[in-house]
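If you're matching them up, the sequences are chains A and B in order.
The opening position of the first sequence corresponds to residue 106 in our numbering, with each subsequent residue numbered one higher.
The opening position of the second sequence corresponds to residue 500 in our numbering, with each subsequent residue numbered one higher.
From the three backbone atoms N, C-alpha and C, an ideal C-beta is built for every residue, glycine too.
Here's the structure we're looking at; comments come further down.
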Amino acid sequence: MFETVIGLEVHVELGTKTKIFCGCAVEFGAPPNARVCPVCMGSPGVLPVLNEEALKLAVRAALALNCKVPKESKFDRKNYFYPDSPKAYQISQYDEPIGTNGYLDIEIDGEKKRIGITRVHLEEDAGKLNHSPFGDVSLVDLNRVGIPLIEIVSEPDLRSPEEARLYLEGIKAIMQYCLVSECKMEEGSLRCDANLSLRPAGQAAFGTKTEIKNMNSFRNVQRGLESEQVRQTRALLAGETIEQVTLRFDEATGLTSPMRSKEDAHDYRYFPDPDLPRMFLSDAYIEERLREIPELPDARRARWIADYQLPVYDAGVLTSSRDIADLFEQAVERVLDAKLVSNWIMGDVLANLKAQGIELRDTKLTGALLADLLENLKRGGISAAIAKDVLKHVMEYGESPSKIIAAQGLAQISDEGELAGIVTQVIAANPKSVEDLLAGKDKAIASLVGQVMKATKGKANPQVVNRLIGEQIQAIREAR
Amino acid sequence: MNLSIEDVYHVANLARIAISEDEAGALVHDLGRILEYAETLQSLDVTDVQETSHIGVKETVTRADEPRPSLGTERAVANAPDEEDGQFRVPAVLEGASS
């Protein structure tokens, strides 16, 4: 049968405040053409000047992807005519990119696989075209022109759509950990084009590849590639040849279809941009960027599994985003019960975020606050039911759990004298459940515990309540 | 180096410049002269000269990542021949440009 060969080109928007060559602010969702100036609009006579932060982030990203970063690098002009580029060229890098020969490890079916990264280069983004549904005009918004990007080009080392998705998720996690980019596919700050070809198993030469664009989510990258894999397999089995074309993925149908493209084969006539001097990267500069790279997800996952005996699954979920990972780390340092912290983050914290469709950074929750809550829970200060409510409150308002518990009188009642009185009342008021229990129907105890919880507004310590009910029922049994 | 009339048409096409047959003929001559001039440079001995794309500046030139005022929509599209909702209106374009 056939072997699938995939390579990805990933564009990542760098998280700078301003554009790469001018001072226009980078702002998602600004009104059309509100964030443009003569430099990014390509007016005659203007001069681009490189944003120092964009260079730093690009070098940091290249190093985090294990690339070699040369001591010198330069910008080139990539010439093409299209209304998304007012200068009629894109400032990019051709033969001296910021990083080369890197790699990223993915884990597939429990095995580690190394995916080569050919190059990482720095460039400016193009504008956005809004095509009229009636087909006769296009509307051009240049806000995106000049936003700094890195393009990460993989080797054709990926062998399945699933591997492609894992690689892309790996890139995203590393970029987020290094604070290079927020990598929001839905906002276009992470974009992915893919090349896919098939070859008979065992054949060394690659088959003809097609390029797939417009896959706008991690799931759609996998879907788009799966669909193209099926299309090419059918064509080859039918004895057809594969044409080298650019395809567009249609999210609605899950299919790929050819894009109309210009007749000219691309001839970009790259040449060094004379307006931008070369970049000189000293050892000290590169050294500094290396120090900015935090512990990356793979290393963190391995450490947590070893140090905290965290299940592999938990470690995977918790490290997939840096914010969540930092939350876990900060909380576990105080609570010292990794599984408890993990359960609460993977359970209630993530569920609350999902329910509201927000990210952790949109809440007021911190590691210290979560630790405070879980310490109260651990020492029996509050019940789990109360802890869930307090957590929601903390996420919204950022108040200290201990203060909320004290102020609202939520502390768990463990005082036996107080609880014994309530249990006696509940037993007297529920003769049916009591008879059931005496008749050996143990499940009836749940109803009595529930009544005690109701009477104490969820604050009773359930272990103590269970024991007290057992004792009082036993006393009744003995009295008969 | 010999430049053919096909080369001239190709370059003109890439640059989106419409040229007449007469102009193309003249350009074969003019561009040929420019290439000859470059060829003269090729005769220099540059064995000891380090290759580079730029000369002069020997350190990275950057600016701080600090926002400056943009033009704003109104001024940005003020000179546009055609405009709609603050966007430049252009003839419909085919898909397939690169980025």
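C-alpha distance - residue i paired with residue j, whole-angstrom precision
i: E583/A; j: L543/A; result: 11 Å
i: A490/A; j: E438/A; result: 24 Å
i: E368/A; j: A511/B; result: Residue placement at E368/A cannot be trusted, given a pLDDT of 47 that sits under 50; what the coordinates show is reported in the next sentence. Each residue's Cα considered, the two are about 16 Å apart.
i: C129/A; j: S237/A; result: 27 Å
i: T47/A; j: E480/A; result: Given a span of 106 to 585 for chain A in the structure shown, any question on residue 47/A remains unanswerable.
i: A596/B; j: A514/B; result: With a pLDDT of 43 at A596/B, under the threshold of 50, the predicted position of this residue should be treated as unreliable, though the coordinate-derived value follows. A596/B and A514/B: Cα-Cα distance of roughly 16 Å.
i: E316/A; j: Q327/A; result: 14 Å
i: N319/A; j: F186/A; result: 21 Å
i: E108/A; j: L271/A; result: 18 Å
i: S552/B; j: P191/A; result: 25 Å
i: G207/A; j: T346/A; result: 33 Å
i: Y536/B; j: Y199/A; result: 27 Å
i: K497/A; j: L455/A; result: 11 Å
i: R353/A; j: T539/B; result: 49 Å
i: D230/A; j: I429/A; result: 30 Å
i: W409/A; j: E356/A; result: 38 Å
Residue i and residue j closer than 7 Å at C-beta
i: K183/A; j: Y375/A; result: yes
i: A169/A; j: C297/A; result: no
i: G293/A; j: R304/A; result: no
i: N138/A; j: L254/A; result: no
i: V250/A; j: G232/A; result: yes
i: Q517/A; j: K564/A; result: yes
i: T361/A; j: S332/A; result: yes
i: R165/A; j: R394/A; result: yes
i: A167/A; j: V115/A; result: no
i: V557/A; j: V539/A; result: no
Which residues DSSP lists as bridging residue i, in chain order
i: L209/A; result: I220/A
i: M384/A; result: S178/A
i: T313/A; result: T313/A pairs with nothing; no bridge assigned.
i: A299/A; result: L113/A, I317/A
i: D378/A; result: DSSP output for D378/A lists no bridge partner at all.
i: V238/A; result: A quick correction: the sequence has Pro, not Val, at residue 238/A. P238/A is not bridged to any residue.
i: E118/A; result: L254/A
For residue i, three-class secondary structure by DSSP
i: V259/A; result: Correcting the residue type first, residue 259/A is Ser in the shown sequence and not Val. In the structure shown, S259/A sits in a strand (DSSP, three-state: E or B).
i: K444/A; result: helix
i: K204/A; result: Looking at the sequence itself, residue 204/A is Gly, so the reference to Lys does not match. Residue state, collapsed to three classes: strand.
i: V225/A; result: strand
i: I196/A; result: strand
i: K367/A; result: Per-residue confidence for K367/A stands at a pLDDT of 49, beneath the threshold of 50, marking its modelled position as unreliable; the derived number appears in the next sentence. Here K367/A sits in coil by DSSP.
i: D453/A; result: helix
i: Q435/A; result: helix
i: E504/A; result: coil
i: Y185/A; result: coil
i: F587/B; result: strand
i: R339/A; result: helix
i: E291/A; result: helix
i: V245/A; result: strand
i: S538/A; result: helix
i: I518/A; result: strand
i: P305/A; result: strand
i: T561/B; result: strand
i: K277/A; result: helix
Residue-level contact to chain C via CB, residue i, 7 Å cutoff
i: A139/A; result: Annotation note: the requested chain C is absent from the structure, which comprises protein chains A and B.
Check whether the region 198-216 of chain A touches the region 233-251 of chain A, taking contact to mean three or more Cβ pairs, one atom from each stretch, closer than 8 Å.
The region 198-216 of chain A vs the region 233-251 of chain A: no contact.
Is the region 555-574 of chain B touching the region 155-168 of chain A in the sense that three or more CB pairs, one from each, lie closer than 8 Å?
The answer is yes - the region 555-574 of chain B touches the region 155-168 of chain A, with three or more Cβ pairs under 8 Å.
Contact between the region 258-267 of chain A and the region 212-220 of chain A (3+ Cβ pairs under 8 Å):
The region 258-267 of chain A makes contact with the region 212-220 of chain A: 3 or more CB pairs, one atom from each, lie closer than 8 Å.
Three or more C-beta pairs closer than 8 Å, one from the region 141-153 of chain A and one from the region 584-593 of chain B: is that the case here?
Counting Cβ pairs under 8 Å, fewer than three are found: no touch.
Given 8 Å as the limit, is there contact between the region 416-435 of chain A and the region 470-485 of chain A, that is, 3 or more CB pairs closer than that?
Contact holds: three or more Cβ-Cβ distances are below 8 Å.
Does the contact criterion of 3 or more C-beta pairs under 8 Å hold for the region 520-536 of chain A versus the region 500-511 of chain A?
The region 500-511 of chain A and the region 520-536 of chain A do not touch, with fewer than three beta-carbon pairs separated by less than 8 Å.
Below 8 Å, can you find three or more Cβ-Cβ pairs linking the region 398-414 of chain A to the region 568-580 of chain B?
Under the 8 Å Cβ criterion, the region 398-414 of chain A does not count as touching the region 568-580 of chain B, having fewer than three qualifying pairs.
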